[in-house]
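> In the working numbering, the protein residues as written are 755 to 1040. One structure follows; several queries about it will come next.
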Ligand SMILES: [Zn+2]
Ligand SMILES: [Zn+2]
């Protein structure tokens, strides 16, 4: 298990990004490859991504996840939205392939006015096309959703169904604990975590699970609201996270906190996560 947080790319990329990762005590990180609330992407900056690669190697930061834009909707029947979404994820996969980045993580979007069957067919075909066209290297990770409204991917069954249809070893899963809770998985204690893990094993298989978004939340179980809070300070709590982080199936995953941010808060969340996982705390810089 490697631990890290989501790090910004604003300002002096990649120097500042790596600097912040080291200050927080990250072994792995997640970044955006552009504005997470926009469609526009800047051309690939060969020098910056090369420097990022070198700095990562120098400081042992791996793996890296690129989180695609929040606007992405690969399930929608709206042609323009679907096209823009596909182009954006393809762009992020291209950046990942060229920059030696291991994973692109994406949300699946929502069904809109379609039936579930139509949406599942569309999203599966879209993902198969995207990964089929991607250059060698990165894996595409599908993130479970909080299940609000018509969101796709709120259950392990649904993610499993998509994985089966896509049938490509380069597609995996990133499990977000706050989303799982909000969509109704009661992971606040050992028994609840055992049940959740049974579901993941049955429908997805742990070979596919490459990352954990380690977020707590204050929303009620099954509230279908996506609100992140500090690790072990919300409803999932100490018992839930300790049980999750002790599962041997997660031994090789990248654990990423997407919690409210400052260097101090990042350090706190990573300290908590490592303590609950029972692993050694690294020396942090600064
Ligand atoms: Zn996400
Ligand atoms: Zn997440």
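Note that CB positions come from ideal geometry on N, CA and C, so glycine has one too.
For ligand 1, is there a heavy atom less than 7 Å away from the beta-carbon of residue 846?
Flag unset: Cβ of residue 846 not near ligand 1.
> Just grab the DSSP bridge partners of residue 757 for me.
Partner(s): 1009.
> Go through the region 779-823 residue by residue and report every complete run of the alpha helix (DSSP H) that reaches 4 residues or more, in order.
Counting whole runs of 4 or more residues, the region 779-823 contains the alpha helix (DSSP H) stretches 800-813.
> Tell me the rounded alpha-carbon separation between residue 921 and residue 879.
Each residue's Cα considered, the two are about 10 Å apart.
> Could you round the C-beta distance between residue 985 and residue 757 to whole angstroms and report it? I think they count as a contact, below 8 Å.
The pair is not a contact, with the Cβ atoms about 10 Å apart (cut-off 8 Å).
> Less than 8 Å between the C-beta atoms of residue 859 and residue 928, yes or no?
Cβ atoms of residue 859 and residue 928: closer than 8 Å.
> Under 6 Å from any heavy atom of ligand 2, by CB: list those residues in chain order, please.
Cβ-based neighbours of ligand 2 within the cut-off: 897, 930, 967, 1012.
> Please identify the residue among 957, 947, 1022, 821 whose C-alpha is closest to the C-alpha of residue 897.
Closest by alpha carbon: 821.
> Since residue 1041 sits in a beta bridge, which residues does DSSP pair it with?
This structure leaves residue 1041 out entirely; the chain is present only between 755 and 1040.
> Can we count residue 821 as close to ligand 1, meaning its CB is less than 7 Å from some heavy atom?
Within the cutoff, so yes.
> If you draw a straight line from the alpha carbon of residue 784 to that of residue 869, how long is it in whole angstroms?
Computed Cα separation, rounded: 33 Å.
> Look up residue 1025 in the DSSP assignment and say whether it is helix, strand or coil.
It is helical.
> Could you pull the start and end residues of the alpha helix (DSSP H) that residue 948 belongs to?
944-957 is the span of the alpha helix (DSSP H), which, as asked, contains residue 948.
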